[in-house]
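Every number in the working numbering is 24 more than the matching position in the sequence shown, counting from 1. Even for Gly, the Cβ is constructed at its ideal location relative to N, Cα and C. Report on one structure; see the data block that follows.
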Amino acid sequence: MPYLLVFTFLALVLWVSHAAVALILGILLSFLISLPDDFVTRKIGTKVLQTGIVFLGGSISIPQVASISSSYLPWVSLFVLVTFVLAIGTGKLLGVSKKQSYLLAAGTAICGGTAIAAVAPVIKAKPEELLTALSIVFILNALAVIFFPFVANWIGLTQEQFGTWVALAIHDTASVIGAASVMGDHAVEVAATLKLGRTLWIVPLVLFSAWYFREKKSTLGVPIFVLFFALAVTLNSILSPSEPISSLLKEINRICLLTGLFCIGTQIDQPAIKQISAKPLLLAISIWALVIPISLWVV
């Protein structure tokens, strides 16, 4: 019976294809049935996520940065760095835990749930910390997709301006494209291109995270899967795989990401949910309240 429910829920997760939904359905499953600590989904969640990160590296090519508009690339890089540092500093002021602040900083500065899921196993974040970060990003992105187009029409942004704005101000790639599609095809092209510039920061982020959160007893501080991730990025840059292969790698990453998050969700129980506080939400909203007008000023 438990395995039947797992396969049913997992099929729904892959069909809906949303990180927050995957996590929520995993949590729901853990609430519906009592899963033992050694249940398969509770044991493989992190490993599946790590596998997905490696395949993500195989779909990212460093030279792709060259395709990003030179007019905006410096702003994208500056935005990522300033937002990340600002989120870490604000987290300290608000009393948010170090790893929780780090997850929210990664999600806000780079690419939402993908960045959060990428660094979570590297920094050994707790399931409840991952849950909080993903849930907050999901809520903010949902609001952005609804309200950003209204603001753009109100102040008269062009499609290029709007595409640039959403690429900087909205967290997840899917939400960026979703909001841009409301304005038109050119807005989608601009948003997708510039969002790539933010997404590529996953590469140095994962490597830096592995070094920064290394255990004292470790001399290298870089997990094996991170080395494979860097190798995959390098091979992608050298070999330039065809579009079908890149699409296949992205699809494998999507499946691993959703499956891993679903499995991690099954690790969450009611005591863990009760540990979620309002401080991480306040942190995310505070940073976003600064990012939105600043990124609008840039465009």
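By the 10 Å Cβ neighbour count, where 16 or more other Cβ atoms means buried, how is residue i classified, buried or exposed?
i       : result
Glu-153 : buried
Lys-148 : exposed
Gly-82  : buried
Asp-196 : buried
Phe-186 : buried
Phe-103 : buried
Determine the DSSP secondary structure at residue i, reduced to helix, strand or coil.
i       : result
Arg-66  : helix
Val-214 : helix
Asp-61  : coil
Ser-125 : helix
Trp-225 : coil
Arg-278 : helix
Ile-163 : helix
Lys-71  : helix
Ile-194 : coil
Lys-150 : coil
Determine whether the beta carbon atoms of residue i and residue j lie at a separation below 8 Å.
i       : j       : result
Ala-188 : Val-323 : The amino acid at residue 188 is misidentified as Ala; the sequence shows Thr. Contact: yes.
Ile-201 : Val-214 : no
Ala-191 : Phe-172 : no
Ile-140 : Cys-287 : no
Ile-160 : Leu-305 : yes
Leu-118 : Leu-307 : yes
Val-169 : Ser-199 : yes
Leu-73  : Pro-145 : yes
Val-290 : Thr-65  : First, the amino acid is wrong: residue 290 is Thr here, not Val. Yes; because the gap between Cβ atoms is below 8 Å, this pair is in contact.
What's the C-alpha gap between residue i and residue j?
i       : j       : result
Phe-33  : Ala-302 : 29 Å
Leu-143 : Met-207 : The identity of residue 143 in the sequence shown is Val, whereas the question assumes Leu. Answer to the nearest angstrom: the Cα atoms are 32 Å apart.
Ser-242 : Ile-163 : Annotation note: pLDDT 47 at Ser-242 (below 50); position unreliable, no value reported.
Leu-36  : Pro-265 : 31 Å
Ser-41  : Phe-79  : 17 Å
Ser-271 : Asp-61  : 36 Å
Leu-155 : Leu-259 : 33 Å
Ile-279 : Leu-263 : 24 Å
Asn-165 : Arg-222 : 16 Å
Leu-181 : Ala-193 : 15 Å
Gly-284 : Phe-63  : 14 Å
Leu-49  : Asn-177 : 36 Å
Thr-114 : Leu-314 : 12 Å
For a cutoff of 8 Å on Cβ pairs, would you count residue i as touching chain D?
i      : result
Leu-59 : Here chain D cannot be found, since the structure has a single protein chain.
Less than 6 Å between C-beta atoms, sequence neighbours within five positions excluded: which residues of the same chain meet that for residue i?
i       : result
Phe-108 : Ala-129, Ala-133
Enumerate in chain order the residues of its own chain whose CB-to-CB distance from residue i is below 7 Å, with the five nearest sequence positions on each side excluded.
i       : result
Val-120 : Lys-303, Pro-304, Leu-307
Ile-316 : Ala-193
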